[in-house]
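> In my numbering, the protein residues as written are 2 to 947.
By construction, the Cβ of each residue, glycine as well, lies at the ideal position given by its N, Cα and C atoms.
Please read through the structure below; I'll follow up with questions.
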RNA sequence: GCCCGGAUGGCGGAAUUGGCAGACGCGAUGGAUUCAAAAUCCAUUGUCCGAAAGGGCGUGUGGGUUCAAGUCCCACUCCGGGCACCA
């Protein structure tokens, strides 16, 4: 049994840490210590206990990717990034910056709705409870957030502006000439002035109101369109491409997703393809994230080529023309057949009644007629999910019975339907060049088609299709040209004969923006009697969700139509409005926005969370976003998980660019610097049935692990509920305190690396704080042991070296090495007899303050300071103390260290060489051997080659 | 298949430009203290040979450049991530 009476009364333990931490958290809250002043508008007040000149200082805007407030609360993995940004923010506050750092909650979304479906509790109630719990957990961590600026995307005052931005996007169009978004009213003026022609050439004024609305709708950046979408019956909603996994299932819930045409809200993100790509160069992001964005956008340059099919006519009665996209127009002479996707609109027109002469048996799929073959093939592929279509890479297809004409050599080539060509990319049709394309080669072999090489492979080439560089062969006027030259020549030839042109294709599709769910922002749109969408006036925002008894979407089958829950609020679905042509009854849009909407712009509301007349005060926006130097502008540091590489970060950049074009923000990019923090992983344990057991109950002895007396297997994975290995911060607060948790998480390794959690190692960080504490406070009496005594010279040097190293490490976010340096300094301090010199203490406490703010504040106040350590100046190293008069340098023989000597730090090469050769140990080792060369690096080392 | 990362003691990880590999911590071992334990303090801790002094070998593998390589070059293995019939 423990006997607390024997414990020193004033030891730094969990109980004392708890007392110190909660006390300072209350004080900071009362003083508004982390209140960050804006230059104008709302929130110009700074902290009552901080410097008065904060808003005159250079700014720094630091952000975390805000969390979704889940019902289970935080585990110790979540705050890793939050602690990093907090340490950095605190360091920057102490080195002369006005730092904006706060936290919000991304609170709309599916889980709250699923929870509501299970419990009958309204999503809002549940969401608010979760936010309260998460806010408590985060506050207890001592994060220096300006809580006046905290937002939740579900706040009325917040989503009012999400809806406003939607209206801005809806009421804008993309001017291709200027490559920017402009207000739709300017387009209307162009039409009205005759500066732009209508589709059928009629003057604008002759169009009916409905026709005008329909015309403008074609241009809007947010538009309704009938397009193939990802229909997820399991969730009862449609999803964006980005929300569908490679396996063809929903990102959330893992339900199957089906492609089918539906009328849906889209956002014209594709208009911004080039700018989204080009502006990546402005950003200080990792190459891997930039690469992921580039791959997702998937821009590729090539050409359209038209292949006529003289025997067929299209829907307009014209000679059928198959337009293909190719990145290799130089290989056109090698096109021996064509393939169109099973969903291609020309399939029916091209499919003939009977097999033409020359059709090989293998082309027919065993069917009597092309009609039968194509129908059977389309039937079969339509039933395959995307997953199966990708898994089975064996080439299948059937001949349509038609031949197309190769525009460069008039060759007649057969047209196939095959599912290896996808309708969703390019034109949904290809010219097949088996000689230079592996997939075409496979198909050509399977279907006994001609193969013509049009690029000369190297002599030692042994593969099938050759996709490398080389001279053109078998290609008429291109022969002898290298690939790039041949491409250019072919394109100009195609333009000349009117059979093609250069073009650019992207994988990026317009963003599907509607969800048939309840817990999201209602779309601020109404429809007139002709079904034209119109935005509701800004002064009627926010548009609130109707109160419903039954929020849940229906789980439906594949062939069903989505049923938006908002449609059940019958009173809500219609509204009387005057939109300029008198009071009329309109139908509301019944969709809600996707979860990504609220997170697209939250940084702007952090800047100015209170304004009700503007999205963010213009002066403050320019100040915090760095609008004075737009190309360098944006949030100074944004930290979050890599899982948002293409979703949130692409959408957010898109919205920001629209707002930039419309003049609402001053920088072209929202996030200047991005860091992806690693994940905290944990050990997990499975029993003999393979079921996870509670990791905290597993006992280790002699390298073996047991749970409840039975042996278990150790595994390793992302910390969480499913692996039963979550450790909560609340447990850590109780056993060690928040400062220890902060210190441990920062000490575990570099910020961007995954790392395993080990509760047993946390004690190391606790010990460091205890050892520092003992150098400041007598554990028995609680008396301060800091005294105004002189600092020994060697200690002073160590102190200034530590200051120098820690300053650099903090600036580079290398908190693990900063902590190591502080530990070394403290170890030296421990060895010192007598009290800790005041001069050392006054440097050391501010130095640790960013990492362990409560601990440092407590020592700071005990040392008699009358202002908060939060705004204390970070110590500055004295350069004179960083250099030594004498240094120890290694002497190497052939690169191996053999001896060491002390030598004057500024000794020249000759002196060093002489000193090295004079060393007795070296003389003995060299003996009489000839010295061939001596390399001297002044102040560093001597290497003797003997 | 393609594109990014990465591999250093029993473990987490250090090592600006090529210049003393293993900082700092965890764990482990021994000691001091204690009736005993916890806590604390001190010492040792890459590996092999050796009683020691000392020496050999060592940063995934194989080669190379260099006075000198964890760091640069070539080839490969394994692990993590992203994309994937994208024409």
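Nearest CA to the CA of residue 1: which residue from 923, 582, 753 and 655?
This structure cannot speak to residue 1, because the chain is shown only from 2 to 947.
> When burial is assigned at 16 or more other CB atoms within 10 Å of the CB, is residue 363 buried or exposed?
Reading the first chain from its first residue, position 362 is the one you call residue 363. Exposed, by the Cβ-count rule.
> Would residue 1 and residue 752 be called neighbours here (beta carbons separated by less than 7 Å)?
Residue 1 falls outside the range modelled here, since the chain spans only 2 to 947, and no answer is possible.
> Among all the DSSP beta bridges, which residues are the ones paired with residue 25?
Walking along the first chain from the start, residue 25 turns up at place 24. Bridge partners of residue 25: none, in fact.
> Residues in its own chain within less than 8 Å of residue 262 by CB, not counting five upstream and five downstream?
As a first step, residue 262 must be located in the first chain, where it is residue number 261. Same-chain partners within the cutoff: 227, 228, 229 and 230.
> In the structure shown, what three-state DSSP assignment does residue 690 receive?
Within the first chain, numbered from 1, the residue matching residue 690 stands at position 689. Residue state, collapsed to three classes: coil.
> Helix, strand or coil: which one does DSSP assign to residue 849?
Indexing the first chain from 1 puts residue 849 at position 848. Correct three-state label for residue 849: helix.
> On the DSSP bridge list, what partners appear for residue 264?
The residue labelled residue 264 in the question sits at position 263 within the first chain. Partner(s): 227.
> Since residue 817 is in the alpha helix (DSSP H), which residue starts that stretch and which ends it?
Sequence index remark: in the first chain, residue 817 carries index 816 (1-based). Unbroken alpha helix (DSSP H) run through residue 817: 816 to 832.
> Counting only the same chain and skipping the five closest in sequence on each side, list residues whose C-beta sits under 7 Å from that of residue 352.
Taking the first chain and counting its residues from 1, one reaches residue 352 at position 351. Same-chain partners within the cutoff: 371, 372, 375, 401 and 402.
> Pull up the CB-CB distance for residue 42 and residue 612, whole angstroms please, since I reckon it's below 8 Å.
On the first chain, position 41 is the one that residue 42 refers to. On the first chain, position 611 is the one that residue 612 refers to. That pair is a contact at about 6 Å.
> Only counting the same chain, and skipping five residues up and downstream in sequence, which positions put a Cβ closer than 6 Å to that of residue 632?
For the purposes of this step, residue 632 is identified with residue 631 of the first chain, where counting begins at 1. These residues qualify, in order along the chain: 283.
> So, helix, strand or coil for residue 708, using DSSP?
The sequence position of residue 708 within the first chain is 707, counting from 1. It is a strand residue.
> Ordered along the chain, which non-local residues of its own chain (more than five positions away) have a Cβ less than 8 Å from that of residue 618?
If you number the first chain from 1, residue 618 lands on position 617. Correct list, in chain order: 39, 41, 42, 43, 608, 609 and 612.
> Contact check, residue 405 vs residue 308 under 8 Å by CB: the rounded distance?
The sequence position of residue 405 within the first chain is 404, counting from 1. The sequence position of residue 308 within the first chain is 307, counting from 1. Contact holds; Cβ gap of about 4 Å.
> Per DSSP, which residues does residue 303 bridge with? Please list them.
As a first step, residue 303 must be located in the first chain, where it is residue number 302. In the DSSP output, where bridge partners are listed per residue, residue 303 has 504.
> Is the distance from the Cβ of residue 56 to the Cβ of residue 33 below 7 Å?
Here residue 56 refers to the residue found at position 55 of the first chain. Here residue 33 refers to the residue found at position 32 of the first chain. No, the pair does not count as a contact, with Cβ atoms beyond the cut-off.
> Count the other CB atoms, across all protein chains shown, that sit within 10 Å of the CB of residue 337; report buried if there are 16 or more and exposed otherwise.
Position 336 of the first chain, counted from the first residue, corresponds to residue 337. Buried: at least 16 other Cβ atoms inside 10 Å.
> Does the Cβ-Cβ distance between residue 501 and residue 304 come in under 7 Å?
As a first step, residue 501 is located in the first chain; it is residue number 500 there, counting from the start. As a first step, residue 304 is located in the first chain; it is residue number 303 there, counting from the start. Yes, Cβ-Cβ distance for residue 501 and residue 304 is below 7 Å.
> Considering residue 771, what are the terminal residues of the alpha helix (DSSP H) in which it resides?
As a position in the first chain, residue 771 is number 770, starting the count at 1. 763 to 777 is the extent of the alpha helix (DSSP H) around residue 771.
> Tell me whether residue 891 sits in a helix, a strand or coil according to DSSP, three-state version.
Along the first chain, one-based indexing puts residue 891 at 890. Strand at residue 891.
> Distance check for residue 18 and residue 927, CA to CA, integer angstroms please.
The residue given as residue 927 occupies position 926 in the first chain. The residue given as residue 18 occupies position 17 in the first chain. Roughly 60 Å separates the two Cα atoms.
> Whether or not the stretch 334 to 349 and the stretch 441 to 461 are in contact is what I'm after, with contact meaning three or more pairs of Cβ atoms, one per stretch, closer than 8 Å; do they touch?
Flag = yes, the stretch 441 to 461 and the stretch 334 to 349 touch.
> Please state whether DSSP places residue 940 in a helix, a strand or coil.
As a first step, residue 940 must be located in the first chain, where it is residue number 939. If DSSP states are grouped into helix, strand and coil, residue 940 belongs with coil.
> Please report the distance separating the alpha-carbon of residue 874 from that of residue 883.
Position 873 of the first chain, counted from the start, is the residue given in the question as residue 874. Position 882 of the first chain, counted from the start, is the residue given in the question as residue 883. Taking the straight line from one Cα to the other gives about 20 Å.
> Please determine, among 599, 530 and 486, the residue with the shortest C-alpha to C-alpha distance to residue 576.
Counted from its first residue, the first chain places residue 576 at position 575. The option with the nearest alpha carbon to residue 576 is 530.
> Are the stretch 901 to 918 and the stretch 826 to 836 touching, with three or more C-beta to C-beta distances below 8 Å?
No, because fewer than three Cβ pairs between the stretch 901 to 918 and the stretch 826 to 836 fall closer than 8 Å, the two stretches do not touch.
> Could you name the residues that DSSP lists as bridge partners for residue 589?
Sequence index remark: in the first chain, residue 589 carries index 588 (1-based). Answer is 527, bridged to residue 589.
> Strictly by DSSP, which residues pair up with residue 323?
Against the first chain, residue 323 aligns to sequence position 322. Partner(s): 308.
> For residue 895 and residue 816, what's the separation of their Cα atoms in angstroms?
The residue you call residue 895 lines up with position 894 of the first chain. The residue you call residue 816 lines up with position 815 of the first chain. Each residue's alpha carbon lies about 37 Å from the other.
> Closest by CA to residue 422, which one among 473, 470 and 343?
Against the first chain, residue 422 aligns to sequence position 421. Answer by Cα proximity: 343.
> Are residue 628 and residue 591 close, meaning C-beta to C-beta below 7 Å?
Here residue 628 corresponds to residue number 627 of the first chain, with the count starting at 1. Here residue 591 corresponds to residue number 590 of the first chain, with the count starting at 1. No, the pair does not count as a contact, with Cβ atoms beyond the cut-off.
> At which residue ranges does the stretch 122 to 198 contain complete beta strand (DSSP E) runs of 3 or more residues, listed in the order of the chain?
Here the runs fully enclosed are 173 to 176 and 181 to 184.
> Rounded to whole angstroms, how far is the Cβ of residue 800 from the Cβ of residue 857, which I believe are closer than 8 Å?
One-based indexing of the first chain puts residue 800 at position 799. One-based indexing of the first chain puts residue 857 at position 856. In fact, because the Cβ distance is near 16 Å, the residues do not count as touching under 8 Å.
> Quick check on the burial criterion: 16 or more other C-beta atoms within 10 angstroms. Buried or exposed for residue 782?
For the purposes of this step, residue 782 is identified with residue 781 of the first chain, where counting begins at 1. Classification of residue 782: exposed, given that the 10 Å Cβ count is below 16.
> How about residue 930 and residue 947: are their beta carbons less than 7 Å apart?
The count along the first chain starts at 1 and reaches residue 930 at position 929. The count along the first chain starts at 1 and reaches residue 947 at position 946. In this structure, residue 947 lies closer than 7 Å to residue 930 by Cβ.
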